[in-house]
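A.B. asks: Chains as they are written, first to last, in the working numbering: chain E, 241 to 724; chain U, 4 to 223.
Every residue gets a Cβ at the ideal spot worked out from N, C-alpha and C, and that includes glycine.
And the structure:
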């Protein structure tokens, strides 16, 4: 019952928010709905912790892994809501671009991602993954400028095609499970498929075919190279709260789908096959995205490529496997979400305030927007993986997993790319922050709510970096137990 | 053996030929509306296959799936696409980047490719070789149309053909997915087409054309 409430609350909120035509009223309603959803998610996590797996009917189920990702989603969503309240003043009034449409689509987007995490059935999981694309496409094109329309179209088409491949993979998986002796009604139920994993080995080549298609399909949504072409465009052209949602919530949900399949396939066929593929795509993403970051000229595109790079690092962590690799990968999804939200919030403020996010035209930011600049600096240090921030802990875990498994080449590649990325980001940001401001435009500094959202991110990152909060550690370990 | 049994078996054995024909004709079509009618015909063949399978398997759920496919893919989506074309008032050519003659040759090559690809997995799928090849050929032809045709509506059609291929693959290998999942997939498809229609209007309004190969502001 609780699961049903968590699932339907965002959908109801999406309908309800349409009743408010004033910006402040809509924002307040949205904030209230968001906080209640967070409370409900908190209850789910508590119940999973005390009672174990929760189920509702045949199709809804929450275990510790879902709880971990739900926690991640709830944190990001509340931050986005708080940040959106003042941000919405930048949205021009139009027939379909009023604040209430923004909130309606945002809540639908939340609904689809929550449904991904609560799906017990792998077919339903696919349906809801496709629905995430549909719910967010209009948000990506929300500004209705040339760039936004192009990015929205590309996002819709590329992700739909990618997910069509994932559907083919799902069908092949279903067939493999049926031929491995699972009854057709249960073949797509995740726990049943996991339990029967050892008998699935008889349909080995089919299972491999399925995983390749699933990884290409869901990998398109994760943004793994070479399927990442939609990602920089969508992240750069969307309104900044949506960029944060895409990077910090959507990419994780696709990663979650891959994790679920990876657990079954590696139990059926040994870890070699699926983990090898993940390592390959992950390393390719880190390499290509890291090199492309050096030549970016747009602030939000730079951050988008950084998301590709970090998704690559997470894929490498899952691919390395073992307690250390998986721990690093899961913790990294959380850290990356918070750090990237902080950066996109900052970048959004820069773009709306100064009218451009072209880094060649941004000079002397530290003088024009001192508080935003301070937050951006914190974000850059965090995302580069330096202590005392959380990303240092998770990247260190993944790197040590690489070296303890004596995958020296991979470890060295990661280290080299991380240094290149750090160099590129430090160079780009130093150029932007220093120097004389182009004109003496004095702009309004950070408004309370925007500053609050960004400061919360910074505090969270430091907290994870210095001392691991005990509830998070417990949640993380029980999430890992689900997969092993 | 009753007349219905004969009809069902005939449909199942000869559908693949019709599907190959639609794929080849689509590769050769010069106008978008031709492609829409071909897509409707292709979906009608699929519907017949679903009904034949339902009859052979005695499965009431499959009849419902067939009715849904008939309503959505044979009638609804083609009608909506034709309406969209009238409302958009843009040129009706498909916008080829590979000539139609060459496209037919390439399409024939893709059909051969799909036969050889299917042979590798025939042991696993235990399905009729021709039917499964037709499914893979449709997937490839959809992808081919999306890559080589530059008009926004042709990309939508390519996607629909690709989806038809996946649907057929599910039908011939597993006799369809669980019913509720099928409904969800079709629902997503309908919403997806709706959104692509919305974006088609927006592209036309912002760029004053529908040639997506000319959308190239965002690079790198």
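Excluding sequence positions up to five away, which residues of its chain have a Cβ less than 6 Å from the Cβ of residue 468 of chain E?
C.D. replies: 548, listed in sequence order.
A.B. asks: Kindly list the residues whose CB is nearer than 8 Å to the CB of residue 101 of chain U, restricted to its own chain and excluding five residues on each side of it in sequence; keep chain order.
C.D. replies: So the list reads 109 and 151, once near-sequence residues are dropped.
A.B. asks: Using only the alpha-carbon positions, how far apart do residue 666 of chain E and residue 597 of chain E sit?
C.D. replies: The straight-line gap from Cα to Cα measures roughly 17 Å.
A.B. asks: Does the beta carbon of residue 537 of chain E fall short of 7 Å from some heavy atom of the ligand GDP?
C.D. replies: Annotation note on the ligand GDP: not contained in the displayed structure, which lists no ligands.
A.B. asks: Please determine if the segment 454–471 of chain E and the segment 486–499 of chain E are in contact, where contact requires at least 3 C-beta pairs separated by less than 8 Å.
C.D. replies: Taking 8 Å as the limit for Cβ pairs, the verdict is that the segment 486–499 of chain E does touch the segment 454–471 of chain E.
A.B. asks: Along the segment 502–532 of chain E, what residues have a CB closer than 9 Å to any CB found in chain U?
C.D. replies: Cβ contacts with chain U: 532.
A.B. asks: Which residues, in chain order, does the segment 407–439 of chain E contribute to contact with chain U at a C-beta distance below 9 Å?
C.D. replies: The segment 407–439 of chain E vs chain U, Cβ under 9 Å: 407, 408, 410, 411, 412, 414, 415, 416, 418, 419, 424, 425, 427 and 428.
A.B. asks: I need the straight-line Cα distance from residue 171 of chain U to residue 379 of chain E, nearest angstrom please.
C.D. replies: Roughly 33 Å between the two C-alpha positions.
A.B. asks: Could you give the distance in angstroms between the alpha-carbon of residue 146 of chain U and the alpha-carbon of residue 400 of chain E?
C.D. replies: Going from the Cα of residue 146 of chain U to the Cα of residue 400 of chain E covers about 12 Å.
A.B. asks: Given that residue 215 of chain U touches chain E, what residues does it touch there, using C-beta distances under 9 Å?
C.D. replies: Here the neighbours are 390, 393, 394 and 397.
A.B. asks: If contact is defined by three or more beta carbon pairs under 8 Å, each pair taking one atom from either stretch, is the segment 45–58 of chain U in contact with the segment 68–80 of chain U?
C.D. replies: Verdict: yes, contact present.
A.B. asks: Who are the Cβ neighbours of residue 12 of chain U in its own chain at under 8 Å, not counting the five residues just before and after it?
C.D. replies: 55 and 59, listed in sequence order.
A.B. asks: What number of angstroms, rounded off, separates the C-alpha of residue 641 of chain E from the C-alpha of residue 720 of chain E?
C.D. replies: Spanning the two alpha carbons is a distance of roughly 15 Å.
A.B. asks: So what's residue 99 of chain U in DSSP terms, helix, strand or just coil?
C.D. replies: Residue state, collapsed to three classes: strand.
A.B. asks: Which residue's Cα is closest to the Cα of residue 435 of chain E: E:501, E:272 and E:529?
C.D. replies: Closest by alpha carbon: E:501.
A.B. asks: In the DSSP assignment, what are the bridge partners of residue 359 of chain E?
C.D. replies: E:300, per the DSSP bridge assignment.
A.B. asks: I'd like to know whether the C-beta atoms of residue 471 of chain E and residue 523 of chain E end up nearer to each other than 8 Å.
C.D. replies: Cβ atoms of residue 471 of chain E and residue 523 of chain E: not closer than 8 Å.
A.B. asks: Who are residue 429 of chain E's beta bridge partners in DSSP?
C.D. replies: BP columns for residue 429 of chain E point to E:361.
A.B. asks: What is the rounded straight-line gap between the Cα of residue 538 of chain E and the Cα of residue 587 of chain E?
C.D. replies: Those two C-alpha atoms are separated by around 10 Å.
A.B. asks: Step through the CB atoms of chain U and report whether any lies within less than 8 Å of the CB of residue 544 of chain E.
C.D. replies: Cβ-Cβ to chain U under 8 Å: no for residue 544 of chain E.
A.B. asks: Return the first residue and the last residue of the alpha helix (DSSP H) that residue 619 of chain E is part of.
C.D. replies: First-last of the alpha helix (DSSP H) with residue 619 of chain E: 610–623.
A.B. asks: Establish whether the CB of residue 180 of chain U and some CB of chain E are separated by less than 8 Å.
C.D. replies: Chain E contact via Cβ: present.
A.B. asks: Of all the residues that make up the segment 165–193 of chain U, which are near chain E by a beta-carbon distance shorter than 7 Å?
C.D. replies: For the segment 165–193 of chain U, which is checked against every Cβ of chain E, the residues closer than 7 Å are 165, 166, 169, 172, 173, 176, 177, 180, 181, 184, 187, 188 and 191.
A.B. asks: With residue 573 of chain E as the anchor, note down where its alpha helix (DSSP H) starts and where it stops.
C.D. replies: That run of the alpha helix (DSSP H) goes 562–594.
A.B. asks: Could you check what DSSP says for residue 540 of chain E in three-state terms: helix, strand or coil?
C.D. replies: Here residue 540 of chain E sits in helix by DSSP.
A.B. asks: Could you check how far apart the C-beta atoms of residue 565 of chain E and residue 628 of chain E are, in whole angstroms? I think they sit under 8 Å.
C.D. replies: Not really, about 23 Å apart at Cβ, beyond 8 Å.
A.B. asks: Run through DSSP, which three-state label would residue 603 of chain E get?
C.D. replies: Residue state, collapsed to three classes: coil.
A.B. asks: Taking the alpha-carbon positions, what's the residue 651 of chain E to residue 644 of chain E distance?
C.D. replies: So the alpha carbons of these two residues sit roughly 10 Å apart.
A.B. asks: Just the C-alpha distance for residue 18 of chain U and residue 558 of chain E, rounded to the nearest angstrom, thanks.
C.D. replies: When rounded, the distance between both Cα atoms is 44 Å.
A.B. asks: Would you identify the three-state DSSP class for residue 294 of chain E, choosing helix, strand or coil?
C.D. replies: In this structure, residue 294 of chain E counts as strand in the three-state DSSP scheme.
A.B. asks: Can you pull the chain E neighbours of residue 124 of chain U, defined as C-beta to C-beta under 8 Å?
C.D. replies: Correct list: 445, 446 and 449.
A.B. asks: Closest to residue 631 of chain E by C-alpha separation, out of E:571, E:600, E:659 and E:313, would be which residue?
C.D. replies: Answer by Cα proximity: E:571.
A.B. asks: Rounded to whole angstroms, how far is the Cβ of residue 267 of chain E from the Cβ of residue 328 of chain E, which I believe are closer than 8 Å?
C.D. replies: Correct: roughly 7 Å between the Cβ atoms.
A.B. asks: Considering only the beta carbon of each residue, do residue 107 of chain U and residue 153 of chain U sit closer than 8 Å?
C.D. replies: Contact: no.
A.B. asks: Should residue 390 of chain E be labelled buried (16 or more other beta-carbon atoms within 10 Å of its own) or exposed?
C.D. replies: Buried: at least 16 other Cβ atoms inside 10 Å.
A.B. asks: Using a C-beta to C-beta distance shorter than 8 Å, which residues of chain U count as neighbours of residue 384 of chain E?
C.D. replies: Chain U residues near residue 384 of chain E: 205 and 209.
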